[in-house]
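Single-structure report; data block below.
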Amino acid sequence: MLGFGDQVEVLGPPSLRDEMAAIAVRMAQRYAVEA
């Protein structure tokens with residue numbers, strides 16, 4: 001599902017939705033621009 005990038009939303013099961021959210025947070029942290 002990660003291959004779909006921001007074009008997909010995981011609706012369930014809740015455990016998968018939580019895992020995808022955690023991955024998204026880690027990705028955002030990795031690519032964040034430091035000021």
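With my numbering applied, the sequence shown covers 1 to 35. All C-beta atoms, glycine included, are put in the ideal place defined by N, C-alpha and C.
Alpha carbon of residue i to alpha carbon of residue j, nearest angstrom
{"i": "I23", "j": "Q7", "result": "15 angstroms"}
{"i": "E9", "j": "R26", "result": "17 angstroms"}
{"i": "Q29", "j": "G12", "result": "24 angstroms"}
{"i": "G5", "j": "M20", "result": "11 angstroms"}
Helix, strand or coil at residue i according to DSSP, with G and I counted as helix
{"i": "L11", "result": "coil"}
{"i": "M1", "result": "coil"}
{"i": "A24", "result": "helix"}
{"i": "E34", "result": "coil"}
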